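Participant: One structure is given below, represented as structure tokens, and several questions about it will come after.
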Amino acid sequence: DICEKVIIMKQELNVLDSKIRDFCEFYSAICTGHDISKKDVMRSLECNVKSAMKKIHIRQDMLLWKLKDIKSKPGEHFIELNYLDIISQSFTIDGDEKLAKASASYSISHETVERVFPFMNASMAFDAIFASKKSFKAVDVGGLWQTIQEMSFLFGTLIDVLQEIQLCRAKLRNLSFARFHCVNGSQLHLQLTFLKYTSGLKVVVLLDMKDLK
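Numbers given in the working numbering equal positions in the sequence shown, counted from 1, plus 226.
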């Protein structure tokens, strides 16, 4: 049964990848100056978005985000992605020009972070890692997918680290303390405190987490 599901998912992924390539080729034509009407642009965008929404569940177990909202009005389009209810990433696309321009921003739910990853000051880790990603400008719509990939990679890496810390705290009896903090206001570190209860011996390990960025 598992093998059959994997085969089906691969087939569906091939279909989605084909649609994505067609989508990219369409907007590549715009960038090279081909004469394509605004109606054609919007028709293609709406068609691809609706198709993606119908099939998004196929890849959901492989993605860290869900499509939360899409809104459109003349000259402007809004897309919002939800990363496990922790990060909300939004895109605003200006479709009035032949070469569409886009901007992106994000927000972090610190309340959710502290609920899911308590007692480790995980909110500080999210703030430190995503501080430089708060907003950006893309010259064309094609830059949006690269931004989503970058956000997904950073988010997934941090989630893996936080889950490993939780696992270690559950398995290692001597790990009494694990907490993030910033040195000099910007350098993210993870402090691990190991305590030998029989003797009172304490060992503190400070890990530089700059590679998470």
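Glycine residues also receive a C-beta, built at the ideal position from the N, C-alpha and C atoms. Computed from a prediction, not measured in an experiment: that's the story for all the values here.
I need the DSSP call for Phe345, collapsed to helix, strand or coil.
Facilitator: Residue 345 sits at position 119 when you count from the first residue of the sequence shown. Here Phe345 sits in coil by DSSP.
Participant: Start and end of the beta strand (DSSP E) containing Asp434?
Facilitator: Within the sequence shown, the letter at position 208 stands for residue 434. Counting along the chain, the beta strand (DSSP E) containing Asp434 begins and ends at 427–434.
Participant: Whole angstroms are fine: how far does the CA of Leu433 sit from the CA of Ile312?
Facilitator: Within the sequence shown, residue 312 is the residue found at index 86, counting from 1. Within the sequence shown, residue 433 is the residue found at index 207, counting from 1. Each residue's Cα considered, the two are about 24 angstroms apart.
Participant: Give me, in chain order, the residues of the same chain whose beta-carbon lies closer than 7 angstroms to that of Lys422; leave out the 5 immediate sequence neighbours on both sides.
Facilitator: Translated into positions along the sequence shown, residue 422 becomes position 196. The answer, listed in chain order, is Asn400.
Participant: Do Ser378 and Leu290 come within 8 angstroms of each other at the CB atom, strictly closer than that value?
Facilitator: Taking the first residue of the sequence shown as 1, we reach residue 290 at position 64. Taking the first residue of the sequence shown as 1, we reach residue 378 at position 152. Their beta carbons are under 8 angstroms apart, which means Leu290 touches Ser378 by this criterion.
Participant: Among the candidates Met346, Phe352, Lys327, whose CA atom is the shortest distance from the CA of Arg395?
Facilitator: Position 169 of the sequence shown, counted from the start, is the residue given in the question as residue 395. Ranking the options by Cα distance to Arg395, first place goes to Met346.
Participant: How many angstroms separate the CA atom of Asp295 from the CA atom of Phe356?
Facilitator: The residue you call residue 295 lines up with position 69 of the sequence shown. The residue you call residue 356 lines up with position 130 of the sequence shown. C-alpha separation (whole angstroms): 22 angstroms.
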